[in-house]
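Contents: one structure, followed by commentary.
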Amino acid sequence: MSKLLGRNMGQSIVVGMLMGLATVAAWVMTPRQLMAQMTSLEKTVPARFGDWTQMPSGQQQMALSIAANGERSEEQPYDEVVMRTYANSRGERVMLALAYAREQRQEVKIHRPEVCYRAQGYQQLDEQAVNFAVPRTSGVEGLRLFMQNSGRIEAVSYWIRVGDAYPRGGLDTRLSILKDGLAGKVPDAILVRTSTILTQSSEANTAFQRQERFLAELVQAMRPQDARMLIAQESSALVSAP
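In this text, residue positions in the sequence shown follow this note's numbering: the first is 1158, and each later residue adds one.
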């Protein structure tokens, strides 16, 4: 009887130790360094740069949902959203949408435009991977989309920055979040999207080129510390998570 009690006691101690080690390991492996930036997009994105000026009344864009009271969810993953329409001296227009999320986790991630467009009834006619020529970078990996619904044709250029990476797909995004997590970091993310309403499909290539120039001029016009919101940095200022 005493041997049985001793054996049970020993097993209980081992189980308790293993549970304790698992708890410690889980705590150690929990990402605790936030890559979030406190810069306000609304204040730092210029209303005028180069030949572009923000229009007082913008065109209607594909909606982006901001988190209520900072409570991010899969449906509302963003902490700040800026949506504007710019026009140049020739009357050409570009719609700009910036959607920032201070934290990226596997269960709450930034939304990809092609998914949102299709959910709103658009048909994706074309998709092209592109390496945007953007100042202060060696190139930014993104996508060009050609979208159409019953009453509207749009050329869309965008990139998504997650931490210091530019994932082009859902799997890439998950892997990027996982990589940062294993390094103890909680990445932030931003969607940088431009779009142009077209009257006919033959205008798409010209619109894509104009959008790329627009984005390059926008980044160039921003102060380096503010442009970090839009483009990846090799080293990010980290703060400890509570």
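Beta carbons are placed, not taken as given, at the ideal position from N, Cα and C, and that holds for glycine.
| query | result |
| --- | --- |
| Within the stretch 1205 to 1283, note down every full alpha helix (DSSP H) run reaching 4 residues or more, in order along the chain. | 1270 to 1276 |
| Which residue marks the beginning of the alpha helix (DSSP H) containing residue 1310, and which one marks its end? | Run containing residue 1310: none in the alpha helix (DSSP H); it sits in the beta strand (DSSP E), 1310 to 1319. |
| Can you tell me whether residue 1302 is helix, strand or coil according to DSSP? | strand |
| Please name the residue or residues paired with residue 1342 in a DSSP beta bridge. | 1190 |
| Taking just the CA atoms, how far does residue 1316 sit from residue 1322? | 10 Å |
| Shortest alpha-carbon distance to residue 1275 belongs to which of 1235, 1313, 1292 and 1381? | 1313 |
| Measure the C-alpha to C-alpha separation of residue 1183 and residue 1292 and round it to an integer number of angstroms. | Reliability of the predicted coordinates at residue 1183 is poor, the pLDDT of 38 falling under 50, and the value obtained from them is presented with this limitation in mind. One C-alpha to the other measures close to 40 Å. |
| For residue 1237 and residue 1255, I'd like the C-alpha separation in whole angstroms. | 8 Å |
| Please name the residue, chosen from 1307, 1303 and 1206, that lies closest to residue 1373 on a Cα-to-Cα basis. | 1206 |
| Taking the C-alpha atoms as reference points, what is the distance between residue 1311 and residue 1212? | 19 Å |
| How many angstroms separate the CA atom of residue 1197 from the CA atom of residue 1376? | 15 Å |
| Under the rule that 16 or more other beta-carbon atoms within 10 Å means buried, what is residue 1386, buried or exposed? | buried |
| Considering only C-alpha positions, which residue in the set 1383, 1283, 1351 and 1307 is nearest to residue 1366? | 1351 |
| Which residues does DSSP pair with residue 1350 in a beta bridge? | 1254 and 1315 |
| Quick check on this structure: which residue in 1262, 1296, 1306 and 1261 has the alpha carbon closest to the alpha carbon of residue 1280? | 1306 |
| What separation, rounded to the nearest whole angstrom, lies between the Cα atoms of residue 1195 and residue 1337? | 19 Å |
| Note the first and the last residue of the continuous alpha helix (DSSP H) segment covering residue 1376. | 1361 to 1378 |
| Within the same chain, show all residues whose beta-carbon is closer than 7 Å to that of residue 1171, passing over the 5 residues directly before and after it, in chain order. | In this prediction, residue 1171 scores a pLDDT of 48, lower than 50, which makes its location untrustworthy; the coordinate-derived value is nonetheless stated afterwards. Result list for residue 1171: empty, nothing under 7 Å. |
| Count the other CB atoms, across all protein chains shown, that sit within 10 Å of the CB of residue 1349; report buried if there are 16 or more and exposed otherwise. | buried |
| Mapping DSSP to helix, strand and coil, what is residue 1355? | strand |
| Using C-beta distances below 7 Å, list every residue in its chain close to residue 1245, excluding the 5 sequence neighbours before and after it, in chain order. | 1208 and 1209 |
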